Ligand code: ADA
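Numbering (our numbering), first residue to last: 2 to 577.
This is how it looks when you write it as structure tokens:
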């Protein structure tokens, strides 16, 4: 299951995970050779979901080019189906029974196809391409491994002709009361002939144990195609809070039709407010201190693919050190990980993969559109997670360039048009030549500050913060990246660079500085665990890894992890 809760009780769900046929296509001639209609006989088999860089042969460990997948599945009767690929890195084309049904760019947001299926055997073929080039997002040279393939689950859901395609809940919650006024927008899709149907929405506690807290329904004409129906609901709710061990969540159930033709789609939601002042980020009107890490979806055996056990283990490790925040550097995370964050009261900053883009790169054909699509898809998919505090638009872009400022403004407009959460971006661009300010930050609500004084350059954190504050006196700062590399097990008397001691001292000093600075609303250490990098770009790094993890790639704690835990234990939790 790609979520921690049932997303429907009416739909039969066929998992299409498992072994698929698989061939590499290094010359990129599979399309011309017609693999989508005539798959090569000598194909290997590979696990899905998994990047080919961990699931394939050793020869595929660094493979960055197109590859093809094929499998068949059987359906007992004619039906309408929703086929979803939850993540294919990064450029995907899907053929169903020889017909091209989807093309999608962006490895971390889903691809959905609605189709009519005959009874019998069907064939799925996918071309996945992880090539980084002048128009790709991520760009070449990224400091994380460019995993390729079908990296998240594949599911076929059987639905009736009229079904709920999407459910969106927006709410207003006053800081003085616990009354929530909600609008549920139900997108109903009709693939058949009949029109009249009832549509209803219920808000129930998470476990669906009690009576509905609120409900609304209507009888309406649903013409073939797509219809949006808005229903208003109101209820007294218990708030979701990052301070609760088991924060209150609710299930929203949208239903169209009745009896054996009913279709139901569920979303999970938590009620809380988020606001930003000059110095703080407020949740439910109270300042929260972000105490956290940057986390890549990475593991030596799994790459980007994240089994539930690993997602939960990572949160255990983070919580055991007294931390409460994850920045999903640098891309939309697996939705089940976000579910786990909702359930534990972990705060999240979620980002799209514009990592170190300059104006030239943004200006290339289709590059901004691709990012805007990923942003729309991320917000569309993740908007109900109460854990997500803010959307992050970019990371370390050339913010001094006019073209980057224009791109940032467009991205901010897209995000603000879809959702009212605060926006941020991670900047390393203060005083680029001693005097200019980072004008991209004018489009967001708080500063995410990436800085490595004492590691990549001279200087100290107090000075960097002072510079940022001078330019942006009205926004709080989150120290979103800082850290030092340490090779796991390198414990020395000298505490030289790359030793665990050097890293522990460095992280401790920085954390202490951030915590005693009023305008700093929190920190996310770079980074949670050591991560695989690409030897073609990062050959000088020990173990070809980004070793700034406070735990290693197998989640074994380094000294810095223990130091942070001791520090936070001594100082209490994240109340300011
Ligand atoms: C940057 C970047 C990170 C990582 C880090 C580092 O700040 O945003 O992805 O590359 O540097 O370790 O150098």
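For every residue, glycine included, the Cβ atom is placed at its ideal position computed from N, Cα and C. As the structure is a prediction and not an experimental result, all values here were calculated from the model.
Report yes if the C-beta of residue i is less than 7 Å from at least one heavy atom of ligand 1; otherwise report no.
i           : result
residue 303 : no
residue 563 : no
residue 144 : yes
residue 330 : yes
residue 131 : no
residue 356 : yes
residue 527 : yes
residue 298 : no
residue 451 : yes
residue 429 : yes
residue 547 : yes
residue 396 : yes
residue 352 : no
residue 482 : yes
Given residue i, which residues of its chain have a CB within under 7 Å of its CB, disregarding the five upstream and five downstream residues?
i           : result
residue 415 : 373, 376 and 377
residue 117 : 81 and 192
residue 518 : 466
residue 455 : 461 and 507
residue 481 : 328, 427, 449, 450, 451 and 525
residue 433 : Low local confidence applies: a pLDDT of 47 at residue 433 is under 50, so the model's placement there is unreliable, with the coordinate-based value given in what follows. Here the set comprises 401.
Run the CB neighbour count on residue i, radius 10 Å, all protein chains shown included, and call it buried at 16 or more, exposed below.
i           : result
residue 555 : exposed
residue 314 : exposed
residue 32  : exposed
residue 571 : exposed
residue 198 : buried
residue 457 : exposed
residue 391 : buried
residue 154 : buried
residue 498 : exposed
residue 307 : buried
residue 1   : In the structure displayed, the chain extends from 2 to 577; residue 1 sits before or after that span and is not available.
residue 371 : buried
residue 120 : exposed
residue 35  : exposed
residue 67  : buried
residue 1   : Outside the displayed span of the chain (2 to 577) sits residue 1, for which this structure offers no information.
Quick check on this structure: which residue in the options has the alpha carbon closest to the alpha carbon of residue i?
i           : options               : result
residue 312 : 297, 478, 97 and 382  : 297
residue 403 : 380, 299 and 364      : 364
residue 186 : 207, 216 and 232      : 232
residue 99  : 56, 65, 39 and 93     : 39
residue 341 : 266, 250 and 366      : 250
residue 407 : 425, 393 and 444      : 444
residue 551 : 495, 484 and 540      : 484
residue 509 : 519, 527 and 45       : 527
residue 209 : 514, 498, 9 and 291   : 9
residue 148 : 553, 568 and 535      : 535
residue 538 : 382, 4, 47 and 63     : 63
residue 252 : 239, 243, 334 and 268 : 268
residue 207 : 5, 25, 178 and 95     : 5
residue 569 : 475, 453 and 323      : 323
Within the same chain, show all residues whose beta-carbon is closer than 8 Å to that of residue i, passing over the 5 residues directly before and after it, in chain order.
i           : result
residue 320 : 345 and 347
residue 560 : 487, 492, 501, 502, 504 and 505
residue 146 : 54, 299, 304, 532, 533, 534 and 535
residue 195 : 162 and 163
residue 387 : 241, 248, 250, 270, 271, 272, 273 and 343
residue 383 : 333, 336, 339, 351 and 389
With a CB to CB cut of under 6 Å and the five nearest residues on each side skipped, what residues in its chain are close to residue i?
i           : result
residue 563 : none
residue 435 : Note that residue 435 scores 48 on pLDDT, short of 50, meaning its location in the model is unreliable; the coordinates nonetheless yield the value given after this. Excluding sequence neighbours, residue 435 sits near nothing in its chain.
residue 1   : Here the chain has residues from 2 to 577 only, and residue 1 is not among them.
residue 470 : 520
residue 169 : 186
Report task. Would you check if there are 3 or more beta carbon pairs closer than 8 Å linking the segment 78-85 to the segment 293-308? Result -> Touching, no, given that fewer than three Cβ pairs across the two stretches are closer than 8 Å.
Query raised in the report: Quick check: the segment 139-158 against the segment 3-13, are there 3 or more CB pairs under 8 Å?
Result: yes
**Report entry** Inter-stretch contact at 8 Å, needing at least 3 Cβ pairs: the segment 272-283 / the segment 255-263
**Finding:** no
Requested in this report: Would you be able to state if there are at least three C-beta pairs under 8 Å between the segment 52-60 and the segment 134-142?
Outcome: Note that the segment 134-142 does not touch the segment 52-60; fewer than 3 beta-carbon pairs, one per stretch, sit closer than 8 Å.
Requested in this report: Determine, using beta-carbon pairs with one atom in the segment 350-360 and one in the segment 200-219, whether at least three such pairs fall under 8 Å.
Outcome: no
Requested in this report: Kindly confirm or deny that the segment 66-74 and the segment 527-543 touch, where touching means at least three C-beta pairs closer than 8 Å.
Outcome: no
Query raised in the report: Is the segment 382-400 in contact with the segment 421-429, if contact means three or more CB pairs nearer than 8 Å?
Result: yes
Query raised in the report: When the Cβ atoms of the segment 108-116 are set against those of the segment 83-90, are three or more pairs found closer than 8 Å?
Result: yes
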